[in-house]
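Visitor: Protein chains in written order, with my numbering: chain A, 64 to 594; chain B, 436 to 816. C-beta: ideal position from N, C-alpha, C; glycine also.
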Amino acid sequence: MIDMLVVDLSRWQFAATAMYHFIFVPLTLGLSFMMAIMESVYVMTGRDIWRKATLFWGTLFGVNFAMGVATGIVMEFQFGMNWSYYSHYVGDVFGAPLAIEGLMAFFLEATFVGLFFFGWDRLSKVGHLVVTWLVAFGANFSALWILIANGWMQNPVGAKFNPDTMRMEITDFMAVIFNSVAQAKFVHTVSAGYVCGAIFVLSISALFLVKGKHVEMAKRSAVVAASFGLASALSVVVLGDESGYVATEHQIMKVSALEAAFHTEPAPAPWTILAIPGEDGEPIWSLSVPWVGGLITTRSLDKELPGIYELVDRAQERIRSGMVAYEALEQIRADGSNTEARAVFEETWPDLGYGLLLKRYRDDVQNATDEEIAMAAEDTVPEVWPLFWTFRIMMGLGFFFIAFFGLWFYRASRGWIDTNKPLLWFTVFLLPTPWIAIESGWFIAEFGRQPWVVEGVLPTFYAASGLQVLDLVLSLSFFVLLYTVLLVIMVILMVRIIKAGPKEKLFTADDEDDFVITTLPATPATKELGS
Amino acid sequence: MSTIPLDYETLRLIWWLLLGVLLIGFAIMGGRDLGVGALLPFVARTDEERRVLLNLIGPTWEGNQVWLVLGGGAIFAAFPPLYAVSFSGFYLAMIVILLALILRPVGFKFRGKVSDPRWRTTWDWALFVGGFVPALIMGVAVGNVLLGAPFHFDDSLRIFYTGNFFQLLMPFALLAGLVSLGMIVTHGATLIMGRTNGPIAERARQLGTLSGIATIALFAIGGIWVALMNGYVVTSTIDPNAPINPLGKTVELVQGGWLRNYGLYPWMIAAPVIGFAGMALATLGLMGRYRWLAYLGSSAGIFGIVSTAGVSIFPFFLPSSTMPNAGLTLWDASSSHLTLFIMLLATVVFLPLIILYTAWVFRVMRGTVTTESLSKNPNAY
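1. Can you name the residues that DSSP bridges to residue 366 (chain A)?
2. So within the segment 638-724 of chain B, which uninterrupted beta strand (DSSP E) runs reach at least 3 residues, ignoring any that extend past its ends?
3. Excluding the 5 residues flanking residue 240 (chain A) on each side, which residues of the same chain have their C-beta closer than 7 angstroms to its C-beta?
4. Per the contact definition of three or more C-beta pairs closer than 8 angstroms, is the segment 160-167 of chain A in contact with the segment 782-790 of chain B?
5. Between residue 183 (chain A) and chain B, is any beta-carbon pair separated by less than 8 angstroms?
6. With residue 84 (chain A) as the anchor, note down where its beta strand (DSSP E) starts and where it stops.
7. Can you tell me whether DSSP reads residue 764 (chain B) as helix, strand or coil?
8. Report the residue from B:794, B:624, B:772 and B:477 whose alpha carbon sits nearest the alpha carbon of residue 677 (chain B).
9. Would you say residue 232 (chain A) lies against chain B (beta-carbon separation less than 8 angstroms)?
10. My output table needs one value for residue 444 (chain A): the three-state DSSP class, helix, strand or coil.
11. Taking residue 382 (chain A) as the reference, give the member of A:409, A:357, A:422 and A:346 with the closest Cα.
12. Distance cutoff 8 angstroms, beta carbons only. Does residue 548 (chain B) sit that close to anything in chain A?
13. Thinking residue 618 (chain B) and residue 644 (chain B) are a contact (beta carbons under 8 angstroms), I'd like their distance in whole angstroms, please.
14. Can you find the residues in the same chain that come closer than 6 angstroms, C-beta to C-beta, to residue 113 (chain A), ignoring five residues on each side of it along the sequence?
15. So, does the CB of residue 176 (chain A) fall closer than 8 angstroms to a CB anywhere in chain B?
16. Considering residue 595 (chain B), what are the terminal residues of the beta strand (DSSP E) in which it resides?
17. Which residue wins for smallest C-alpha separation from residue 670 (chain B), given the options B:759, B:451 and B:488?
18. Please list the partners that residue 792 (chain B) has in chain A, where partner means a Cβ-to-Cβ separation under 7 angstroms.
19. Can you tell me which of the three DSSP states residue 352 (chain A) falls into?
20. So, with DSSP's three-state summary, where would you put residue 770 (chain B)?
21. Check for me: the alpha helix (DSSP H) holding residue 616 (chain B) runs from which residue to which?
22. Using a Cβ cut-off of 8 angstroms, pull out every chain A residue sitting near residue 495 (chain B), in sequence order please.
23. Thinking just about the alpha-carbon of each residue, which of A:330, A:527, A:442 and A:494 is nearest to the one in residue 511 (chain A)?
24. Under 8 angstroms between the Cβ atoms of residue 523 (chain B) and residue 528 (chain A)?
25. In chain B, which residues lie less than 7 angstroms from residue 566 (chain A) when you measure between Cβ atoms?
26. Between the C-alpha atoms of residue 141 (chain A) and residue 77 (chain A), what's the straight-line distance to the nearest angstrom?
27. By how many angstroms is the C-alpha of residue 86 (chain A) removed from the C-alpha of residue 174 (chain A)?
28. Counting only runs of 4+ residues fully inside the segment 492-549 of chain A, write out the alpha helix (DSSP H) ranges in chain order.
29. Flag this pair as touching only if the segment 711-731 of chain B and the segment 584-604 of chain B have three or more C-beta atom pairs under 8 angstroms; answer yes or no.
30. Thinking C-beta only, is residue 158 (chain A) closer than 8 angstroms to residue 515 (chain B)?
31. So the beta strand (DSSP E) residue 49 (chain A) belongs to, where does it begin and stop?
32. How close, in whole Å, do the beta carbons of residue 499 (chain A) and residue 456 (chain A) come, if the pair is a contact with beta carbons under 8 angstroms?
33. DSSP on residue 337 (chain A), reduced to helix/strand/coil?
34. From which residue to which residue does the beta strand (DSSP E) around residue 588 (chain B) run?
35. How far does the alpha helix (DSSP H) with residue 511 (chain B) in it reach, from first residue to last?
36. Using only CA atoms, which one of B:658, B:748 and B:674 lies nearest to residue 699 (chain B)?
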């Protein structure tokens, strides 16, 4: 039997390490492109202010990037460490995009990021610009392959279960790459990263403008951020809608949970803006707009969005079919030449994952009772209310960002950048909002997929490694402790960098600075460090 | 799959080789940075000296570490059961390696941002841990691979690992850890001697010479130890073209079993020979201040030593001590035929590109690092 405490701790660890990692990734995605844009302007116009801006944002980028690298390597290793049955069961499919990410993207990004910092005086202007663009493309290709991998967990296309090897195997790699869920998620996620970078730049520039410091650089940065941000914010919402729509094809349960749609509503369903949950979980009061829900989720006026209860009934049928698949699989494992069992398995294998839901209640899945089947079917419902609320937070912020960048873009095009102090202060305090939206988005994607780690294929609890509780308590506390300490240090360093502002003199031997020690004492080899 | 132009057996062999290339790639490329990290507090004593070392490896270490990331990714994609068993089985050892590796990127970036000596010394020790600990523990892990790990499967291929962290610290495994640490420290020392001046280069030269001699001695002891201890031998025939089945073979323990391959395939002797010769040349190079001889010698030495472990246990990746038949070999721990082929295509396209642009970046960043050269770049660590 499976130790659910180990499973829960494994989930907590994955959630914690992934969410920490994704504090840094979106900023890398957005800031790298904005640095490349600023440096392009520098190369085209030859104005040193743009190089100064590139270097200043680059310093902040570097600190953030280091945290991204530090937390990223854990992500790649912990599939095997904490999710060993997952790694065996779907590694044939899931491992490939992850490895290609390393080959095609992360190598590019990591190799050139050093040159971005150290190559200024060793490369030509254009040469360095190319390096900066390569870093930005590397980061974004990286996101592409990671989201292809994640997209497959949401919509496992192009693969089939092989009873002889006891795992999912690739049948059509192009289907894995061009998975509609993966493509929509990719654009949605990188655009969210661009919004994050744009708010970061805009917010810090607004602070400079309010204080009247580094005004020339801040104005230019704000213009870049406002235009880049507006385009990105539009893309996030459009592709978010695309994600919502494709999710209705593959993950109807997730959407019904996001909408707290317990019962099937006649089409076109209303869209619930706010609701109050009752004791049984169902809403006792709600405020809805008619028709909108049906339009968003089905893009039609006549298709129904099935409610949660109806989906649970459908899950029961699939579990029963999964029991048949499981029994056939056992027969094939016992005797590989059993053609009858193979024929049954061929018919029923897509429901095998539903059969595995019963593993929580008994080992011999094929003998499950009606009661156990009903419980397993109930398990297919993710927790509704956390999803309902985070979805509304994310969506509200998404629409707000469009309006906000629209306003900034309009004012920038009129030349009214530093005239409205309240708006500047407001912009400063908006700094955390993109992270709230982005972490909410990942919560919806991953928590909303539960109880599945791979939708319909493998239940999360069945995918975990058989570790000891102590192993997980140790690792989870070490990670949380170390990451938190490092995060606090990073924020303090960023504040110092921002306070110090951009460097006035660039690449000269006598460049004094209080946050980067660039000048050495005239007589070297002096103070001894305690060692 | 008749449409795949290479047969399954060939692809499995190619991926066995490619995995070797990636792991050796990390040991040589990443080993530079781990070695310099492990030497940092001893070779460089003042802040300026330490900055010279950090800026020696600073511009390229991130790219070098991707060899490890890619090695991990390639094990996942090409040998999923191996990835699943080894990473979950050696769980706490992996956690220790990860915690050490986490300290590196932040150590490089954070250290120079504050000038307080206590701050800097703290990060110097963090960077030391980030180099020393992975170099040691990865070797301990290889030692445990040769000893066999306590794991077995049930019929659904669910994994059961019955050992714990302290059982990894067997004498032979610790010896392997020291060999790994020794070769990586020697390698880092050759880099420091080659690309810095003055007292740092001299201290690195002396420490590197010592560790070079120690590595040769420890590697030789390891060889004798392996001859005396039990190795795993597959006694049934495995169909190298069949779907994976980690439970479908018979494995026996034989004294000196890990040396059998050298009788079956005499060319494999080249691996330990290159290991000894490379480390000897590195030591001579360090003694005589021949920087290229030293650097290429330690690179060849690492290649030879890692290859020795790889070919000795062929066709095994990870033998099992508690259920020998469940030990993982390249024939029964691989991905499907199609996946191996797709991954090969990706590798054929991208690996040459990686080597090209990495070489270019190294060329741009070439030259001796001195305290004077640091002051020109405001981004220097």
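Guide: In short:
1. DSSP output for residue 366 (chain A) lists no bridge partner at all.
2. 665-669 and 686-690
3. 211
4. yes
5. yes
6. Taken as a continuous stretch (DSSP letters only), residue 84 (chain A) belongs to no beta strand (DSSP E), being part of the alpha helix (DSSP H) at 67-108.
7. strand
8. B:772
9. yes
10. coil
11. Among A:409, A:357, A:422 and A:346, the Cα nearest to that of residue 382 (chain A) belongs to A:422.
12. yes
13. The pair is not a contact, with the Cβ atoms about 14 angstroms apart (cut-off 8 angstroms).
14. 101, 104 and 105
15. yes
16. 594-596
17. B:759
18. 174
19. strand
20. Residue 770 (chain B) falls in the coil class under three-state DSSP.
21. Run containing residue 616 (chain B): 606-630, per the alpha helix (DSSP H) assignment.
22. Using a Cβ-Cβ cut-off of 8 angstroms, residue 495 (chain B) is close to 174 and 177 of chain A, given in chain order.
23. A:442
24. yes
25. 813
26. 8 angstroms
27. 22 angstroms
28. 496-510 and 523-526
29. no
30. Yes, Cβ-Cβ distance for residue 515 (chain B) and residue 158 (chain A) is below 8 angstroms.
31. Absent from the model: residue 49 (chain A). The displayed extent of chain A is 64 to 594, so no value can be given.
32. 7 angstroms
33. strand
34. 586-588
35. 496-513
36. The candidate whose alpha carbon is nearest that of residue 699 (chain B) is B:748.
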